[in-house]
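Under numbering that gives the first Met the number 0, think of the first position of the sequence shown as 0, with each following residue one higher. Working notes, beginning with the structure itself.
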Amino acid sequence: MWIYHNSYGMTQESIAKRTFSTKQVIQAIVKTYIKKDILYLEPSKKDGRKKIVRLTEKGEKFAAELLEPLSNFEAQAMVALSKEQQEVLLSATAMFTENLRGLLENHQVR
Numbered sequence: 000m001w002i003y004h005n006s007y008g009m010t011q012e013s014i015a016k017r018t019f020s021t022k023q024v025i026q027a028i029v030k031t032y033i034k035k036d037i038l039y040l041e042p043s044k045k046d047g048r049k050k051i052v053r054l055t056e057k058g059e060k061f062a063a064e065l066l067e068p069l070s071n072f073e074a075q076a077m078v079a080l081s082k083e084q085q086e087v088l089l090s091a092t093a094m095f096t097e098n099l100r101g102l103l104e105n106h107q108v109r
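Printed below as a string of structure tokens:
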């Protein structure tokens, strides 16, 4: 999802940070999707030691077919809530996310 919404691609390190995962896990996932022609790597223009993960054309289509309907369903579900319910949901989600982020950061494998 992160790569789909970032047309310039992302480093494996930044994906790991945003998903609270390890570089090793992300590397294994990227390798799998490279074999399936969903992702490819290109050298970073800023730092030649790093590789940028990008979607192939097949990957763009795959991600769009998965994520665009999901986004539409989320929007429809939100509209079905009253303004007050939306505010409660967003507030609770923000608190939950912060609590989870803190727990994950404290237990991150380094």
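Glycine is no exception: its CB is placed at the ideal position from the N, C-alpha and C atoms.
Inset, instruction - Would you kindly work out how many angstroms separate the C-alpha atoms of I25 and T55, rounded to a whole number? - result: Start at 1 with the first residue of the sequence shown, and residue 25 comes out as number 26. Start at 1 with the first residue of the sequence shown, and residue 55 comes out as number 56. C-alpha separation (whole angstroms): 17 angstroms.
Inset, instruction - Measure the Cβ-Cβ separation of S43 and K50 and say whether it is below 8 angstroms. - result: In the sequence shown, counting from the first residue as 1, residue 43 sits at position 44. In the sequence shown, counting from the first residue as 1, residue 50 sits at position 51. Cβ distance < 8 angstroms, so S43 and K50 count as in contact.
Inset, instruction - Could you name the residues of the same chain whose beta carbon sits closer than 8 angstroms to that of E41, not counting the 5 residues immediately before and after it, in chain order? - result: As a first step, residue 41 must be located in the sequence shown, where it is residue number 42. The answer, listed in chain order, is G8, K50, I51 and R53.
Inset, instruction - Would you tell me roughly how many angstroms separate the C-alpha atoms of Q23 and E83, rounded to the nearest one? - result: Residue 23 sits at position 24 when you count from the first residue of the sequence shown. Residue 83 sits at position 84 when you count from the first residue of the sequence shown. The straight-line gap from Cα to Cα measures roughly 42 angstroms.
Inset, instruction - Verify whether the separation of the beta carbon atoms of K125 and I28 is less than 8 angstroms. - result: In the structure as shown, the chain starts at 0 and stops at 109, and residue 125 therefore has no counterpart that could be examined.
Inset, instruction - Return the CA-CA distance between A91 and G101, expressed in angstroms with no decimal places. - result: On the sequence shown, position 92 is the one that residue 91 refers to. On the sequence shown, position 102 is the one that residue 101 refers to. So the two alpha carbons sit approximately 16 angstroms from each other.
Legend entry - Opposing strand residues paired with Y39 [DSSP bridges]: Translated into positions along the sequence shown, residue 39 becomes position 40. DSSP lists R53 as partners of Y39.
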